[in-house]
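One structure is given here, and the rest of the page talks about it.
Numbering (the UniProt record's numbering), first residue to last: 1 to 286.
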């Protein structure tokens, strides 16, 4: 058989020796024999084992706390406490909103919202929705009153200054016990207040009258722009005199139970426009 027809022999894999020798005796202290592929596989295996060991040490031991940016146990605890505190504050704000809504409804003579049922599961959102609906309803009612007055106002436009857009300051903090009703001889409002509570001017103006009357106690009148006059009666003390300039919200007297016609601490409040009484509740949110 010729040389060309002989089958090619597979060359055996070259083996390598890795040895550690004693420098003096040249004896083998440690030796590894193997091929190049075996050495590469051994290196990859050792690297993988080191990665697994490093991951386990980092994930399951306190060593992870030295990593920059990793939260400590105290930081995690503080974060949980802060989240609980924020949630508690949100609930308290919602409860206070509901309580304020109920106070407004009581002052307006309406039935208060049920606090216990609205604060049950999912009830806080219902309370807020009810509060917003009530405010929108109140705005709609006030708008309808103003529109109805303007609708049947037969006086020519421009004959008098418009007062609907003026910003009135509430004369006192209290509850309206008797509303404006000129048909029954009551062209003013009565506001129940605490004794010696502050009475404030509803607009900027000038004091035009300040006097004592046996029936109505101390009285004070303030002239405003646009032919408006505000009158405050049953005061126990006057803090302004005739000719004084006052600003909206300025305390002008102290309300009380003065005068023979008074049945308790309250403020008798009148609002006049061009010599005629008008309903203060159309412009002032008592």
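Where is the CB? At the ideal position from N, CA and C, for every residue including glycine.
**Report entry** Other residues of its chain near residue 18: CB distance less than 6 Å, five sequence neighbours each side excluded
**Finding:** Here residue 18 refers to the residue found at position 18 when the chain shown is read from its first residue. Once the five neighbours on either side are set aside, the close Cβ partners of residue 18 are 32.
Query raised in the report: Is residue 219 buried or exposed, if buried means 16 or more other CB atoms sit within 10 Å of its CB?
Result: As a working mapping, residue 219 is identified with position 219 in the chain shown. Residue 219 should be labelled buried.
Report task. Would you mind reading off the limits of the beta strand (DSSP E) that contains residue 222? Result -> Position 222 of the chain shown holds residue 222. Segment 217–224, the beta strand (DSSP E) holding residue 222.
Query raised in the report: By a C-beta neighbour count over all protein chains shown, 10 Å radius and 16 as the cutoff for buried, is residue 280 buried or exposed?
Result: Counting from one through the chain shown, the residue named residue 280 turns up at place 280. Residue 280 should be labelled buried.
Query raised in the report: Would you call the stretch 87–95 and the stretch 253–270 touching, i.e. three or more CB-CB distances under 8 Å?
Result: no
Report task. May I ask which residues mark the beginning and end of the beta strand (DSSP E) holding residue 21? Result -> Looking up residue 21 in the chain shown gives position 21. Here the beta strand (DSSP E) through residue 21 covers 15–21.
Query raised in the report: Who are residue 277's beta bridge partners in DSSP?
Result: On the chain shown, residue 277 is found 277 positions in, with the first residue counted as 1. Residue 277 has 272 as its beta-bridge partners, per DSSP.
Requested in this report: Run the CB neighbour count on residue 202, radius 10 Å, all protein chains shown included, and call it buried at 16 or more, exposed below.
Outcome: The residue you call residue 202 lines up with position 202 of the chain shown. Classification for residue 202: buried.
Query raised in the report: Terminal residues of the continuous alpha helix (DSSP H) containing residue 41?
Result: To locate residue 41, count along the chain shown from 1; it is residue 41. In the DSSP annotation of this structure, the continuous segment of the alpha helix (DSSP H) that includes residue 41 starts and ends at 36–60.
Report task. May I ask which residues mark the beginning and end of the beta strand (DSSP E) holding residue 203? Result -> As a working mapping, residue 203 is identified with position 203 in the chain shown. Looking at the DSSP string, residue 203 is not in any beta strand (DSSP E), and its letter there is neither H nor E.
Query raised in the report: Cβ of residue 21 within 8 Å of Cβ of residue 29?
Result: In the chain shown, residue 21 corresponds to position 21, counting from 1. In the chain shown, residue 29 corresponds to position 29, counting from 1. Their beta carbons are under 8 Å apart, which means residue 21 touches residue 29 by this criterion.
Query raised in the report: Would the beta-carbon of residue 238 fall within 8 Å of that of residue 210?
Result: Looking up residue 238 in the chain shown gives position 238. Looking up residue 210 in the chain shown gives position 210. The answer is yes: Cβ separation under 8 Å.
Query raised in the report: In whole angstroms, what separates the C-alpha of residue 185 from that of residue 106?
Result: Start at 1 with the first residue of the chain shown, and residue 185 comes out as number 185. Start at 1 with the first residue of the chain shown, and residue 106 comes out as number 106. Cα-Cα distance, rounded: 26 Å.
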